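Residue numbers (my numbering): 2 to 207.
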Amino acid sequence: MLPALAGEGDVIFSDELNHASLIDGCRLSNAACVVFRHADLNHLNELLAAHRDTARDMFIVTESIFSMDGDAPDFAGLAELRARYGAVLLVDEAHALGVAGPDGGGLANEADVVVGTFGKAFGSFGAFVAGSARLRDALLNRARTAIYSTALPPASAAASLAALRIVLDEGAETIGKLRRNVMALVRAVRGAGFGAGIPPAPLFPW
Numbered sequence: 002m003l004p005a006l007a008g009e010g011d012v013i014f015s016d017e018l019n020h021a022s023l024i025d026g027c028r029l030s031n032a033a034c035v036v037f038r039h040a041d042l043n044h045l046n047e048l049l050a051a052h053r054d055t056a057r058d059m060f061i062v063t064e065s066i067f068s069m070d071g072d073a074p075d076f077a078g079l080a081e082l083r084a085r086y087g088a089v090l091l092v093d094e095a096h097a098l099g100v101a102g103p104d105g106g107g108l109a110n111e112a113d114v115v116v117g118t119f120g121k122a123f124g125s126f127g128a129f130v131a132g133s134a135r136l137r138d139a140l141l142n143r144a145r146t147a148i149y150s151t152a153l154p155p156a157s158a159a160a161s162l163a164a165l166r167i168v169l170d171e172g173a174e175t176i177g178k179l180r181r182n183v184m185a186l187v188r189a190v191r192g193a194g195f196g197a198g199i200p201p202a203p204l205f206p207w
C-alpha cells in the first residue's frame, strides 16, 4: 500500500512501535520517513508542522492495537491532526479486527485507509486494504507487490468471508465473552503479584 501511495517528495510519519510490515512499507516507498515517539501526539504535531511547507503529501501511519504492548493510540487526536495538516491517516487494524471495538469491527473509525488481516482473529489467510473507490483503483494499478503476486486461493477467501459473517452476526456476544476471559486473566495476573492493565485487545506484554 505505502509504496503505491507515497513517493518522492512525500513524508510518512510512522509511530516508533509500528509493526515491521509497516516499517518495510515505508522503506519500500521513495518517501521520506519520519518516526514519532510512540503515541505522542505532541511530538507528531511538531513534526507535521516542521514539514507542512516542504512535503508534497503527508501520511500518518499507525497501528490501532500495537502488537507488542497491546495499547491503542488516541484516534480522536490523530484525526484532529490529520485534518489540521491535510494529512492522510493510514491505520493497521491487524490486531484489532474481530476482537476490539463494541462489535469486533476495530477501532479506526477516523482512518482514511485501513489495512487488516484475515490471518489472526479470522483464522484464515491473506489481507485487505479498505478505503475509497479512488484508493481501490489506485492500488489495483500501482501496488506492485499485489499485482505481481499470486491471488488468494478461493477456499481462503471463502473462509475469510464466513469468519466475517460470524463477526457481523455474533460480534457483540463473542466480544463480550472474550472480554470476560480477558478480565479473568487480568485478575489472575494481579493475584500472582503482577500489575496488569486492562488492554483494549487480548495482548498482554509480559
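From the three backbone atoms N, C-alpha and C, an ideal C-beta is built for every residue, glycine too. This structure is a prediction, so every number in the text was calculated from the model and none was measured.
Anticipated Cβ contact below 8 Å, residue i with residue j, distance rounded
i: P74; j: A21; result: Contact flag wrong, Cβ pair sits at about 18 Å.
i: G124; j: A164; result: 6 Å
i: E64; j: D16; result: 7 Å
i: F14; j: I61; result: 5 Å
Alpha helix (DSSP H) segment containing residue i, residue limits
i: V190; result: P155 to G192
i: E47; result: L42 to H52
i: A128; result: That residue, A128, is in no alpha helix (DSSP H); its beta strand (DSSP E) goes A128 to A131.
Where residue i falls, given that 16 or more other Cβ within 10 Å makes a residue buried
i: S161; result: buried
i: I176; result: buried
i: A109; result: buried
i: E1; result: The structure shown does not extend to residue 1, since the chain spans only 2 to 207, so no value can be given for it.
i: F119; result: buried
i: R83; result: buried
i: G99; result: buried
i: F129; result: exposed
Enclosing beta strand (DSSP E) for residue i [first to last residue]
i: T146; result: From DSSP, T146 is part of no beta strand (DSSP E) but of the alpha helix (DSSP H) over R145 to I148.
i: G26; result: Looking at the DSSP string, G26 is not in any beta strand (DSSP E); the run it does join, the alpha helix (DSSP H), is A21 to L29.
i: A33; result: A33 to F37
i: G117; result: V114 to T118
i: F205; result: From DSSP, F205 is part of no beta strand (DSSP E); its letter is neither H nor E.
i: S15; result: V12 to D16
Near the ligand HEM: residue i beta-carbon under 8 Å from a heavy atom
i: A152; result: Of the ligands one can find in the structure shown there are none, so the ligand HEM has no counterpart to examine.
query: Taking three-plus beta-carbon pairs below 8 Å as touching, is the stretch 168 to 179 in contact with the stretch 132 to 143?
result: no
query: What runs of the beta strand (DSSP E), each 3 residues or longer, lie entirely inside the stretch 71 to 111?
result: 89 to 93
query: At a cut of 8 Å, does the stretch 99 to 106 reach the stretch 131 to 140 through at least three beta carbon pairs?
result: no
- prompt: At a cut of 8 Å, does the stretch 65 to 82 reach the stretch 22 to 33 through at least three beta carbon pairs?
  reply: no
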